[in-house]
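Participant: Residue numbering for the sequence shown follows my numbering, beginning at 15 and increasing consecutively.
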Amino acid sequence: MNDLNPAGWRPAMSADQGDSAAVTTFTGNRALHLEEPLLFEIGAADRCGVDFDEAPDLPDTLGAFRRKARLDLPGLSEPEAVRHYTRLSRQNYAIDLGLFPLGSCTMKHNPRLDEKVARMPGFADVHPLQPQQTVQGALKVINELAHWLIKLTGMHGVAMTPKAGAHGELCGLLCIRAALEARGDAREVILVPESAHGTNPATAAFAGYRVENIPATEDGRVDVAALTARLGPDVAGVMITNPNTCGLFERELKTIADAVHAAGGYVYCDGANFNAIVGRVRPGDLGVDAMHINLHKTFSTPHGGGGPGSGPVVLSEALAPYGPLPFTARQADGSVRLVEEEDAPGIHPEGFGRMCAFHGQMGMFTRALAYILSHGADGLRQVSGDAVLNANYVLRRLEDVLEAPFGAAGPCMHEALFSDDGFAEGFSTLDLAKGLIDEGFHPMTVYFPLVVHGAMLVEPTETESKAGLDQFIGAMRSLAERAREGDPLLKSAPHLAPRRRLDETLAARKPKLVWKD
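Structure below.
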């Protein structure tokens, strides 16, 4: 009787429910599931929600810049505008509503303690142009966080300014370029394994390098023999994701790093999945030279959960001298100074420059430090352990109904990878993902990584309970069985969302961005 409340009462539905799908309403609403029109349909261009006095007749100073045609913007009252956006917000799926199983994006619960700290006036209201002596508290937070990031990764230095993961990747590659240029070594190739994050080759190309792919083995890890065979005097480095995008730990990373270093290159590690190993593995011990850490994934705020992101880059002793400005430096009297360009010649002469105007994202720094200090060493170790436990629970509960291409490659890390092999003719990953919407879940990451056909990448994170995972697993099992049996209703899912299935290809290539043609 688990559905009874403490008083012993159980809610009961009327026996005469009828067919809810056949019920129509005048408004188009379905109880509190509201049908929301466009602003243009609520308001009108000939109405105004505010009373203005008649405008005085003043000389026209716009000249040729005056718009000839009317904009036809709708006029709405304040309640109409507020209700419109509030009703739209209720149609958003959010981490505070349910499980967000996006693989490789780490959408986890954000502790409210961290939010409270980030909103403290001394942190939330600071301005980047304030005199340094007036923001000592903020600078000390940045310096303290930098200390713990270095400690947790076993590295030598850290650049705090990068705004997110891809920005951090660029920072790391610019450090590698600066180090190579300092020794007069013009290398032009970056090796990127197939199991790396998709931003890795894009960032390397953006930084001016030629990208060459390294294949994966049958168990989803880097082909070490292929990588070492390609090393040579033109290879600047390798960008490797660990744990990788197949959800697997790269066990040969130290061997890879030693080979790359012996060939004169550097090792960049994509640390977006650091939450799977935090407190257990220090990348610096594995020979990593640079690694970004997504603070908004590992240390608190969900990825995409309101932004902005933050991607500090930890650096080895070999690359630390080339890190960007500015950075914090603790003084003998206990104060913290922000080292800028005017100080650099005598303190940090080999730095490659700046990544951005100011020193990172204060809100993300305060959340991350609050997260680290409130968890402590044992708590952070438990974070990674629970993330791995949850992912393996999902993997083993679903592998009998969903093909798990690397299920036999050992325990997965933070995410479980499935494919659409075994579905009925004409059914695919997209059909299951759309059906998941009807079940009340945001779909998992689909068709990524590319090394698996019809990929479904599920990351449950460490913050989900067993009961919550069981509900998600039940929905996935039901949908997988329907896909294997060829249920035609799955081809037209979702049926219960505000809108039916869209033509996503047409929407991307020929989007309609205006209300009227």
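A virtual CB, placed ideally from N, CA and C, is assigned to each residue, including glycine.
Across the stretch 375–387 and the stretch 447–464, are there enough close Cβ pairs to call them in contact, namely three or more that are closer than 8 Å?
Facilitator: no
Participant: Mapping DSSP to helix, strand and coil, what is A521?
Facilitator: Sequence index remark: in the sequence shown, residue 521 carries index 507 (1-based). Reduced to three states, the DSSP call for A521 is helix.
Participant: Just curious, the alpha helix (DSSP H) that M378 is in, first and last residue?
Facilitator: Against the sequence shown, residue 378 aligns to sequence position 364. M378 -> alpha helix (DSSP H) spans 376–412.
Participant: Which ranges would you report for the beta strand (DSSP E) in the stretch 409–452 if only whole runs of at least 3 residues count?
Facilitator: 430–432
Participant: If we count the other Cβ atoms within 10 Å of its Cβ and call it buried at 16 or more, is N16 buried or exposed?
Facilitator: For the purposes of this step, residue 16 is taken as the residue at position 2 of the sequence shown. Only weak support exists for where N16 lies, its pLDDT of 49 falling under 50; the coordinates are left without a value.
Participant: Can you check DSSP and say which residues form a bridge with T459?
Facilitator: Position 445 of the sequence shown, counted from the first residue, corresponds to residue 459. L471.
Participant: By Cβ distance below 8 Å, which residues in the same chain neighbour E417 in space, the five residues on each side in sequence not counted?
Facilitator: On the sequence shown, residue 417 is found 403 positions in, with the first residue counted as 1. Cβ contact annotation for E417 (same chain, cutoff 8 Å, sequence separation greater than five): F432, S433, D434, D435, G436, in chain order.
Participant: Assign A230 to one of three DSSP states: helix, strand, or coil.
Facilitator: Along the sequence shown, read from residue 1 onward, the residue named residue 230 stands at position 216. Strand.
Participant: Please classify F455: is it buried, with 16 or more other beta-carbons within 10 angstroms of its beta-carbon, or exposed?
Facilitator: In the sequence shown, the residue the question calls residue 455 occupies position 441. With 16 or more other Cβ atoms within 10 Å, it is buried.
Participant: Nearest to L53 by CA position, among G482, L102, L333, G285, is which residue?
Facilitator: Position 39 of the sequence shown, counted from the first residue, corresponds to residue 53. For the residues G482, L102, L333, G285, the minimum Cα distance to L53 belongs to L102.
Participant: Please give me, in chain order, every unbroken run of the beta strand (DSSP E) with length at least 3 that falls completely inside the stretch 138–201.
Facilitator: 171–173
Participant: Just the C-alpha distance for K524 and L516, rounded to the nearest angstrom, thanks.
Facilitator: On the sequence shown, position 510 is the one that residue 524 refers to. On the sequence shown, position 502 is the one that residue 516 refers to. Taking the CA atoms as reference points, K524 sits about 13 Å from L516.
Participant: If I follow the unbroken alpha helix (DSSP H) through F486, where does it start and stop?
Facilitator: In the sequence shown, residue 486 corresponds to position 472, counting from 1. Run containing F486: 480–499, per the alpha helix (DSSP H) assignment.
Participant: Below 9 Å between beta carbons: does that hold for E264 and T217?
Facilitator: For the purposes of this step, residue 264 is taken as residue 250 along the sequence shown, with counting starting at 1. For the purposes of this step, residue 217 is taken as residue 203 along the sequence shown, with counting starting at 1. No. Outside cutoff.
Participant: Apply the 10 Å Cβ neighbour rule to P115 and answer buried if 16 or more other Cβ atoms are within range, or exposed otherwise.
Facilitator: Sequence index remark: in the sequence shown, residue 115 carries index 101 (1-based). It is buried - the Cβ of P115 has at least 16 other Cβ atoms within 10 Å.
Participant: Which word fits L72, buried or exposed, when buried means at least 16 other C-beta atoms lie within 10 angstroms of its C-beta?
Facilitator: As a position in the sequence shown, residue 72 is number 58, starting the count at 1. By the neighbour-count rule (16 or more Cβ atoms within 10 Å), L72 is not buried but exposed.
Participant: Mapping DSSP to helix, strand and coil, what is D284?
Facilitator: Looking up residue 284 in the sequence shown gives position 270. Here D284 sits in strand by DSSP.
Participant: Tell me which same chain residues have a C-beta within less than 7 Å of the C-beta of A271, skipping the five on either side of it?
Facilitator: Residue 271 sits at position 257 when you count from the first residue of the sequence shown. Closer than 7 Å at Cβ, skipping near neighbours: V281, L300, G301, V302.
Participant: Near F366, which residues of its chain fall below 7 Å by C-beta distance, leaving aside the five closest residues on each side in sequence?
Facilitator: Within the sequence shown, residue 366 is the residue found at index 352, counting from 1. L188, C189, A192, Y336, P338, listed in sequence order.
Participant: Could you check the C-alpha separation between A494 and V236 for me, to the nearest Å?
Facilitator: If you number the sequence shown from 1, residue 494 lands on position 480. If you number the sequence shown from 1, residue 236 lands on position 222. Computed Cα separation, rounded: 30 Å.
Participant: Alpha helix (DSSP H) containing I270: first to last residue?
Facilitator: As a first step, residue 270 must be located in the sequence shown, where it is residue number 256. Residues 267–276.
Participant: Counting along the chain, where does the alpha helix (DSSP H) carrying H310 start and finish?
Facilitator: If you number the sequence shown from 1, residue 310 lands on position 296. Here the alpha helix (DSSP H) through H310 covers 309–312.
Participant: Do you know offhand how far E50's Cα is from L111's?
Facilitator: If you number the sequence shown from 1, residue 50 lands on position 36. If you number the sequence shown from 1, residue 111 lands on position 97. Distance between E50 and L111, taken at the CA atoms: about 20 Å.
Participant: Under DSSP, the alpha helix (DSSP H) around T213 begins and ends at which residues?
Facilitator: The sequence position of residue 213 within the sequence shown is 199, counting from 1. Taken as a continuous stretch (DSSP letters only), the alpha helix (DSSP H) holding T213 covers 213–220.
Participant: Is the number of C-beta pairs between the stretch 487–507 and the stretch 408–417 that are closer than 8 Å three or more?
Facilitator: yes
Participant: Quick one: complete alpha helix (DSSP H) runs, 4+ long, within the stretch 338–369?
Facilitator: Counting only runs that start and end inside the stretch 338–369, the alpha helix (DSSP H) elements of at least 4 residues fall at 358–361.
Participant: Taking the alpha-carbon positions, what's the I109 to E478 distance?
Facilitator: Numbered from 1 along the sequence shown, position 95 holds the residue referred to as residue 109. Numbered from 1 along the sequence shown, position 464 holds the residue referred to as residue 478. Those two C-alpha atoms are separated by around 11 Å.
Participant: Assign P322 to buried or exposed, taking buried as 16 or more other Cβ atoms, counted over all protein chains shown, within 10 Å of its Cβ.
Facilitator: Along the sequence shown, one-based indexing puts residue 322 at 308. The residue is exposed, with fewer than 16 neighbouring Cβ atoms inside 10 Å.
Participant: Once DSSP output is grouped into helix, strand and coil, what is the label at A58?
Facilitator: The count along the sequence shown starts at 1 and reaches residue 58 at position 44. Three-state result, A58: strand.
Participant: Excluding the 5 residues flanking H389 on each side, which residues of the same chain have their C-beta closer than 7 Å to its C-beta?
Facilitator: Within the sequence shown, the letter at position 375 stands for residue 389. Excluding positions up to five away in sequence, the list reads V397.
Participant: What three-state label does DSSP hand P135 in the structure shown?
Facilitator: Residue mapping note: residue 135 aligns to position 121 of the sequence shown, counting from 1. Under the three-state reduction of DSSP output, P135 falls in the helix class.
Participant: First and last residue of the alpha helix (DSSP H) that includes A240?
Facilitator: As a position in the sequence shown, residue 240 is number 226, starting the count at 1. Unbroken alpha helix (DSSP H) run through A240: 238–244.
Participant: Is there a Cβ of chain C sitting closer than 9 Å to that of A210, yes or no?
Facilitator: Among the chains of the structure shown, chain C does not appear; only one protein chain is present.
Participant: Pairs of beta-carbons, one from the stretch 207–216 and one from the stretch 244–256, closer than 8 Å: are there three or more?
Facilitator: yes
Participant: Of the residues K526, E453, E476, K505, which one's Cα is nearest the Cα of Q485?
Facilitator: Residue numbering aside, residue 485 sits at position 471 when the sequence shown is read from its first letter. The residue with the shortest Cα to Cα distance from Q485 is E453.
Participant: So does the stretch 83–91 actually touch the stretch 417–429, counting three or more Cβ pairs closer than 8 Å?
Facilitator: no
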